[in-house]
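For reference, the structure is listed below as structure tokens.
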Amino acid sequence: MIRATRIAAAAAIVSGLALGAQAVDAQQAFDRSKAPALGPAPALVLPAVKTARLGSGAAVKVVEQRELPLVHITLQLAGGGRLDNDHPGLASFTALMIREGAGTRDANALQSEIAFLGATLSSNASWDNTSITLRVSKRNLEPALDLMADVVLRPSFKSADVERQRDLRLAGLLQAKDQPGAIANRAFETALFPKGHPYHNSLSGDSTSTAALDSASVRSFHTGAYRASRATFTVVGDISETEARTLLDRRFGSNAWRAMGAERTPAPVMATPVRNTERRVILVDKPAAAQSVVIIGTPGIERTTPDYAAIMVMNTILGGSFSSRLNSNLRETKGYTYGAGSGFQFRPLPGAWQASSQVRTNVTDSSLVEFFKEMNTLRDTPVGEDELARAKAYLALGVPGDFESTAQIAGELTSLAAFNLPLSYLAEYVAAVEKVTAADVQRVAQRLIPASNATIVVVGDLSQIRAGIEALNLGPITVIPVAELMK
Amino acid sequence: MPASRILQSLALLAALSQAAESQIRVPVTVDTLPNGLTLIIHEDHSVPVVTTNVWYHVGSGDEKVGRTGFAHLFEHLMFMGSENAPYPQFDRLLEAAGANNNGSTNTDRTNYYESGPASALPLMLWLEADRLGWMLETMDAPKVDLQRDVVKNERRQSYENQPYGLAFENLTKAIYPGGHPYSWSTIGSMADLSAASLEDVKEFFRTYYTPNNATIVVAGAVKADSVRRVARQMFGEIPRGPAIERPKPAAFTLRDTVIVLEDRVQLPRVYLAWHTVPEYSRDDAALDIAAYILSGARNSRLTQALVYDRPLATNANAFNSSKRLDGDFMVMATARPGVHLDTLQAVVDAEMRKLAAAPPTARELEQAKNAIEASFLNSLEFVSAKADRLNNYYYATGTPDYFQKDLDRYLAVTAADVQRVVRQYLLTNRVTLSVVPQGKTELAATRRIAQ
């Protein structure tokens, strides 16, 4: 058991740097009644990134980090779930299938050899990218890279393997019907992103689209999306740029990787997120639920907004840290929940802003009142200097700590790259955070935190919570059956 | 093919760069203050972060029947403020320093940790000292009531409102006899949480939250001399507490038990659980390796037999869960639609018998060791993970830098060891728990082990 759920929000976005370390001495005089002063914050020193290009055109970024004899390689391919088009779940399924047999090895041999080398090889698709990640000791890098090259370039996609994984996915979709959190997310996403919007469907598809998966569809996705022109290798660890480039070129540098079939492109965006004119309530019945899952949200904003730092500070105050207003109120003052928070989905197309919690059934309505109270207070009243300073420090000073491991460094590089931002951007970000004022916070809250047009989703035992929610008169109520959401 | 000896190149963790057989070493200094507080320091200047990791040697296994969940409830109370850092300063001051904190409780210990810029270390130590030395007087009934509510919400979220969320609580209750320290869940029952009084809190604190029952690890970009000086300043005047009597559970033999739990789930799941051995005892590592060979990778035996060779289960997992006083080993598998749990159980039984009849292959064993070795090394990238291990090793073995010895006990496991532990522990009496959809008890597993 742990004390605190991790607050899901904003803080995750900042990241770390390798810095000149400085030990901090205690002050000489000691007065217990006062908190010790903080020493000077460590300076932000970003690791050097070297770039190169392979013969195939694939880009390479290398950060040398000699602390441990480990190498971490992430291959990021531009294009993920947004390339699903009329086949929801295809990108994420393809990312799974490349590891189910490749080159001359079936899935078992592949996984056995990976484990045998003490390596891990994973792959998955987000909405806008597909990532294949290898982590291995320096001494086993070469044989592990051979396996990675098979997985990326020569996956087998045998029908029997595709069918087996397809059936497992169908069973997983069935199980998702038991998960109140998954149900609430689906209800929120389908309400916010209408048909014709890329985020309308689930990234992992539904049972109809999953049943239609076959070897041909997966192969076609692979051909159209796993291409050198879309590829960036991020290499972090016990390796030089020259060495990395040489090893990668031998496996991924061939011109043949350019000359695949037709490139896959995303379907045009035919719809925009739904901005309500009034509040709208969606209820899903989960009989005998001990808690209700609550999501309150609205369309968010693009990552490239000049207000990004102000938005991060604002959300940290509202629901992005343990001592944020939502968590302090709903958990620490009222005892309604184990944790409450809020956050923005930053994707190349704007995602959502949402606040959420799982609250005790008999205080579901009271919780909604507290959520709106905190949202309104932030819109209506400037934040105090202490609270503002705390949120800014939390974001800015947390950056170096996110650069401890090779995986973290690679993660920072790849997540910034998704928005075409260089690593040096982080210094600008820290400076921008430090400049945020109370007026900025209020301004972005008024712009982005919904006053009277939020979408509200509640998944819980309607026989116990519905009357209380109706009495709040939040707006029109729609009841959606689980079966309609979790198809 | 020889085992990949990743470790041999890990010299930078230590000084032995030229030695033929390098060892993982995490250099530490260990000091004990006059009041009994142990301070372990590990310097790692690779990034300018520091972590503090405090272990109080008290867990749910130290609770009394009727007062379960107390150690964990108490963990929450430690964030409710102290004399010089009244609520909610603990979290606020750390956030303002760019740091994070949390705590966790298991059967044997409660830990508290802070991580952040090295500049925040004096603050971290001051906060930890203040709640150890100057919290008790500030504790009151409203604080207890509030965190009692929070913990009940945690229980709802992770147990009652989670598919299969009540399985482990029911399993531990069935494996361990009544009154055994591990026979209840760490989170405790709703009734016991309701029963906790302010006086219980105070008594618990006086008994277990003492310098002589605590160990602090400080790891990161700090100078050991400076840490020692600040720690003495902060903690030195806190008085030693009473000696602690720890539970010594009687030996027992698990009775073969078949139980059924109805839950709001789509797919039935079977759990099989055996009584095994404490952590770091002779057969512990071999049982971990057996678990890996059964389900640790895509090509492992249960995963193959249940998920891939035949479409019987959506997943299969085996894990050895050894603790300070005792241990258990569990296998769980979730049925695919239309598959009866008896079928899954029969396949598990067959795989167990195979592993008992013939040792694992050399390659299986080597894969398991390599994977364990790699995950071991990966955790060394983080000072926070190193700090928690240092505390763990210190409590379990008396040696904080037990990394290499810990790894060596895995590398020393033979195929015959694996075969033997399967025979010795995993063919005998067990608990069979079926979790089935409401009203569908006919889907439950029914097989008993032949006596």
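Listed in order, the protein sequences are those of chains A and B.
Residue numbers for the first sequence follow this note's numbering, so the first one is 1 and each next one is one higher.
Residue numbers for the second sequence follow this note's numbering, so the first one is 1001 and each next one is one higher.
By construction, the Cβ of each residue, glycine as well, lies at the ideal position given by its N, Cα and C atoms.
Using a Cβ distance threshold of 8 Å, B:M1078 and B:Y1112 count as a contacting pair. When secondary structure is reduced to three states using DSSP, B:D1406 falls in the helix class. Burial check for B:E1095: the Cβ neighbour count within 10 Å reaches 16 or more, so the residue is buried.
Between A:T455 and A:N315 a beta carbon distance of about 18 Å is seen, past the 8 Å cut, so the two are scored as non-contacting. Excluding residues up to 5 positions away in sequence, P69 lie with their Cβ nearer than 8 Å to the Cβ of A:R139 in the same chain.
The way I'd put it, the region 1372-1380 of chain B does touch the region 1405-1413 of chain B; three or more beta-carbon pairs between them come closer than 8 Å. Counting only runs that start and end inside the region 1172-1201 of chain B, there is no beta strand (DSSP E) element of at least 3 residues. At least one CB of chain B lies nearer than 8 Å to the CB of A:M1. Check the Cα spacing between A:S122 and each of A:A340, A:R169 and A:H72: the tightest is with A:H72. Per the Cβ contact rule, the region 1271-1282 of chain B is in contact with the region 1322-1339 of chain B (3 or more Cβ pairs under 8 Å). Under the Cβ distance rule, B:D1288 does not count among the residues neighbouring chain A, no pair being separated by less than 8 Å. Burial check for B:K1248: the Cβ neighbour count within 10 Å stays below 16, so the residue is exposed. Burial check for A:M97: the Cβ neighbour count within 10 Å reaches 16 or more, so the residue is buried. Contact annotation: B:T1138 and B:S1082 have beta-carbon atoms nearer than 8 Å. A Cβ-Cβ separation of about 5 Å places A:S204 in contact with A:S92 under the 8 Å criterion. For A:D178, no alpha helix (DSSP H) encloses it, and the DSSP letter there is neither H nor E. Annotated three-state conformation of B:D1288 is helix, per DSSP.
In this structure, the alpha-carbon of B:A1318 lies about 39 Å from that of B:R1206. With the criterion set as a beta carbon lying under 9 Å from some beta carbon of chain A, the members of the region 1100-1125 of chain B are N1100, N1101, N1102, G1103, S1104, T1105, N1106, Y1112, S1115, G1116, P1117, A1118, S1119, A1120, L1121, P1122, L1123 and L1125, in sequence order. Nearest Cα to A:A244 within the set A:A212, A:F221 and A:K50: A:K50. The closest CA to that of A:L77, considering only A:A467, A:G196, A:F233 and A:K334, is found on A:F233.
At least one beta carbon of chain A lies nearer than 8 Å to the beta carbon of B:T1186. Of the residues A:S342, A:T337 and A:F221, the one whose Cα lies closest to the Cα of A:P450 is A:S342. Using beta-carbon distances, A:A454 does not count as an interface residue toward chain B, since no partner is under 8 Å. Taking C-beta atoms under 8 Å as the contact rule, B:M1330 and B:S1321 qualify, at a distance of about 7 Å.
Listed as beta-bridge partners of A:K50 by DSSP are A:V62. Distance from the CA of A:M260 to the CA of A:T133, rounded to the nearest whole angstrom, comes to 23 Å.
Counting along the chain, no beta strand (DSSP E) covers B:Y1395; the unbroken alpha helix (DSSP H) around it starts and ends at V1383 to T1397. Rounded to whole angstroms, A:G460 and B:S1194 show a C-alpha spacing of 24 Å. Exposure of B:E1245 is indicated by the presence of fewer than 16 other C-beta atoms within 10 angstroms of its C-beta. If only uninterrupted alpha helix (DSSP H) runs of at least 4 residues are considered, those enclosed by the region 1220-1279 of chain B are 1224-1235. Interface criterion not met: the Cβ of A:L83 is under 8 Å from no Cβ in chain B.
A direct Cα-Cα distance of roughly 23 Å separates A:I114 from A:R219. Note that the C-beta distance between B:N1035 and B:N1213 is not below 8 Å.
Three or more Cβ pairs drawn from the region 163-173 of chain A and the region 208-216 of chain A lie within less than 8 Å of each other, which places the two stretches in contact. Taking 8 Å as the CB threshold, B:T1172 stays off the interface with chain A.
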